[in-house]
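A.B. asks:
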Amino acid sequence: MTNEEIESEKLKFLMNVFDKMQDLKLSNPSNPNLQEIERLFIKHAKDQFAFQKLRLTDIQEYSIESVIAKQANEFYSSIPYFVNFPQIIKEQLLADYTQMEHQRRRDNFERFCQCIYQQIEAIVTQLWSIENTNNQSKLWNHILQNRTNKAFANRSFDNVARQFVLTPYSTGFKIQNIIFKYNDYNRSPSYFSDADYDTYFNNPNANSKDKKNDFQVKLRAVLFVLYFEENVLQEKFEELFDTLYEITLIRNTFHRGPNGFTSYQQNIINRIYQNPSSHYHKFFGALCDFLVKSLNSNKINIL
46 MTNEEIESEK LKFLMNVFDK MQDLKLSNPS NPNLQEIERL FIKHAKDQFA FQKLRLTDIQ
106 EYSIESVIAK QANEFYSSIP YFVNFPQIIK EQLLADYTQM EHQRRRDNFE RFCQCIYQQI
166 EAIVTQLWSI ENTNNQSKLW NHILQNRTNK AFANRSFDNV ARQFVLTPYS TGFKIQNIIF
226 KYNDYNRSPS YFSDADYDTY FNNPNANSKD KKNDFQVKLR AVLFVLYFEE NVLQEKFEEL
286 FDTLYEITLI RNTFHRGPNG FTSYQQNIIN RIYQNPSSHY HKFFGALCDF LVKSLNSNKI
346 NIL
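So our numbering is basically just the index in the sequence shown, starting at one, shifted up by 45.
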């Protein structure tokens, strides 16, 4: 065994001792040996892992790792489409979920957001990579075939059904408008013209950037086609996308450093950091909602 493997085994042994000690506290708290056992455990744990600056809270984290792993497995196993993913993607998602929970407990907001982002990124990238017989992304091809359809719906009351329903707008943004946006904020308007879109789709190489490979394009495509099933109010689409964009920005503060943000992006980051605690719940809820609805979508059969 390598030194690293030996130390790992020692750690596992100490963690098992810790678990047994906790069980003893619950089952027989009056045991006269309990206090001495706890004293010796803490002494040897500190001695053994002083070079790692191991804290007792880290020991406690290890003791609940199996619980978190169980929760991760149950969460993803409850989504039927999860079985279609390659094994390496499944393992990555489970590891990121587990790490996300550890970082939340440690109050490491940036790492927490990175773990959430990595799960979203893995799912979106995997869905986008599913190809047809012509080696084209099925999702890309679906957007291509329907790009001039109207994107957003109108909410109106159906007198027959006696309920509010969503019906397509006859005017307004097209699907291509909301999936592919300008990245050049100095240009107005912020959307391509119809002629620009025709040039891009008919000859992608004529465009300065192949937007098909842009993650934000893939994310908006998954949101529109799978999550909202191509029937959504504009404000609902923008509300969810904005939340996922907030996760991306905080992830970027960890992944790329604190500099290089536009004033618009920095204002969003500053607002989030005014109360990061509330965003733990907001971002985790957005992750669960996004994954469950997208992977259980009635439109998933286009893939």
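Idealized CB from N, CA, C, for every residue including glycine. Computed from a predicted model, the values in this text were never measured in an experiment.
Given that a residue counts as buried once 16 or more other Cβ atoms are within 10 Å of its Cβ, and exposed if not, what is residue 58?
C.D. replies: Counting Cβ neighbours within 10 Å, residue 58 comes out exposed, since fewer than 16 surround it.
A.B. asks: Tell me, please, whether the segment 191 to 199 touches the segment 173 to 182 by the rule of three or more beta-carbon pairs shorter than 8 Å.
C.D. replies: Because the criterion of three Cβ pairs below 8 Å is not met, the segment 191 to 199 and the segment 173 to 182 do not touch.
A.B. asks: Closest to residue 272 by CA distance: which of 291, 335, 199, 315 is it?
C.D. replies: Residue 335 is the option with its Cα nearest to residue 272.
A.B. asks: Taking the CB atoms as reference points, tell me whether residue 144 and residue 160 lie closer together than 8 Å.
C.D. replies: Taking 8 Å as the Cβ cut-off, residue 144 and residue 160 qualify as a contacting pair.
A.B. asks: Mind reading off the beta-carbon distance from residue 167 to residue 137? Whole number of angstroms is fine, and I expect it under 8 Å.
C.D. replies: That pair is a contact at about 6 Å.
A.B. asks: Rank 295, 224, 313 by C-alpha distance to the C-alpha of residue 163 and give the top, closest one.
C.D. replies: Among 295, 224, 313, the Cα nearest to that of residue 163 belongs to 295.
A.B. asks: Kindly list the residues whose CB is nearer than 7 Å to the CB of residue 338, restricted to its own chain and excluding five residues on each side of it in sequence; keep chain order.
C.D. replies: Correct list, in chain order: 272.
A.B. asks: Which of the three DSSP states, helix, strand or coil, is assigned to residue 195?
C.D. replies: Here residue 195 sits in strand by DSSP.
A.B. asks: Kindly give me the distance between the Cβ atoms of residue 224 and residue 269, rounded to whole angstroms, as I take these residues to be in contact under 8 Å.
C.D. replies: Between residue 269 and residue 224 the Cβ distance is about 7 Å, and since that is below 8 Å, they are a contact.
A.B. asks: I believe residue 342 touches residue 274 by the beta-carbon criterion, under 8 Å. Please report the beta-carbon distance rounded to the nearest angstrom.
C.D. replies: 6 Å between Cβ atoms; contact.
A.B. asks: My assumption, with CB atoms under 8 Å, is that residue 115 sits in contact with residue 127. Please give the rounded CB distance.
C.D. replies: 16 Å between Cβ atoms; not a contact.
A.B. asks: Would you identify the three-state DSSP class for residue 176, choosing helix, strand or coil?
C.D. replies: In the structure shown, residue 176 sits in a strand (DSSP, three-state: E or B).
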